[in-house]
Every structure is written in C-alpha cells, then in structure tokens.
Amino acid sequence: MSDVPLDAPSPCPGTQSDLAGKASACEGCPNQSLCSSGQARLPLSQREPDTILSIKRRLGSIRHRIIILSGKGGVGKSSLSVCLARGLSRRERSQVNGSNETYRIGLLDLDFCGPSIPCMFGCMDEKVSLVTVCLSN
Numbered sequence: 011m012s013d014v015p016l017d018a019p020s021p022c023p024g025t026q027s028d029l030a031g032k033a034s035a036c037e038g039c040p041n042q043s044l045c046s047s048g049q050a051r052l053p054l055s056q057r058e059p060d061t062i063l064s065i066k067r068r069l070g071s072i073r074h075r076i077i078i079l080s081g082k083g084g085v086g087k088s089s090l091s092v093c094l095a096r097g098l099s100r101r102e103r104s105q106v107n108g109s110n111e112t113y114r115i116g117l118l119d120l121d122f123c124g125p126s127i128p129c130m131f132g133c134m135d136e137k138v139s140l141v142t143v144c145l146s147n
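According to the working numbering, numbering within the sequence shown proceeds without interruption in unit steps and concludes at 147.
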C-alpha cells in the first residue's frame, strides 16, 4: 500500500482508510494521532502550508537542479555527484555568458547508509557551513 508510512507496523490499514489510527494495529504507532485526526489524509500543502512556502522560497533562487538517484546501491551515484559538482565549480561563467564569475554549486547528500560524500571530499570532521566559493583550488 502506498499510503502506509515507512515507520508504521506491518498490519497498518493505511492513512486513507476509515480505520486509520483507530485499528488495533495502530496501537503504539508513532503516526497514530496524525492518522486518527484525519490530517494524514490531507496533502502536505494543506497540512504544512508554512513549511511548503518556506521550502519554495528557499529553493526559488536555485536556477538549475540536477538530481542523481537510483534504487540500487553501489552504482556510482555519489561518485558521479562529486565529479559533477567539482567540474561545474571549476567552470567559469565566461564560457557561457562572458562574465568571469564561477558557478556557485551546492551538493546535498541524502545517503542514509553512510557519509560517502564527506569521505570523497576528505572533510569528515568539518562542520556544516555556508561559504560563497566551494570546491575551488
């Protein structure tokens, strides 16, 4: 069932069911109150309008987004991401529009299994920070 939360117990009736949050299988589930209130039936844009607006505002200034994903592990997603980020960060805008600026590149790693991106960049002990120029030599 696609409407079953990932952290729900296996006999979950689903968030769209009339039994959502009320069935005996829902006891002890971290989503029980959300499901029983009916809020889980609403789209995220109605449940969390401020969150959605904040995300849209923050991502609105990002002109281009490249998503690299695969359902299989070990196929080189992180390696490709690092190579692409390094390559784009070294490319000057003059190659495109005549200015001498470099691109500002961000790399978001959502790897639940390990910190492969920090390992590849050699920055395992670094703190997260905002900088204006990344990956430059």
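Note that CB positions come from ideal geometry on N, CA and C, so glycine has one too.
All values derive from a computational prediction rather than experimental measurement.
Quick check: the Cα distance between residue i and residue j, rounded to an integer number of angstroms?
i, j, result
"R100", "T112", "7 Å"
"S64", "C39", "29 Å"
"S88", "S43", "37 Å"
"L69", "C123", "26 Å"
"G31", "M130", "43 Å"
"G48", "D28", "9 Å"
"V14", "P23", "7 Å"
"C36", "P59", "27 Å"
"P128", "P53", "34 Å"
"R162", "C45", "No statement about residue 162 is possible, as the shown extent of the chain runs from 11 to 147 and does not include it."
"G84", "S34", "40 Å"
"E136", "S20", "39 Å"
"P125", "I77", "18 Å"
"G132", "N41", "39 Å"
"K82", "M134", "24 Å"
"D119", "R57", "26 Å"
"D121", "L90", "14 Å"
"R73", "S80", "23 Å"
Pop quiz: residue i and residue j are said to be a contact at Cβ under 8 Å. What is the actual Cβ separation, rounded to whole angstroms?
i, j, result
"R67", "T25", "Going by Cβ atoms, the distance from R67 to T25 rounds to 28 Å, so no, they are not a contact pair."
"S55", "I62", "5 Å"
4-residue-minimum alpha helix (DSSP H) runs that sit fully inside the segment 52 to 77, ordered along the chain: Segments of the alpha helix (DSSP H) lying fully in the segment 52 to 77: 54 to 57, 59 to 69.
Stretch pair the segment 113 to 122 + the segment 81 to 95: three plus CB contacts closer than 8 Å: yes
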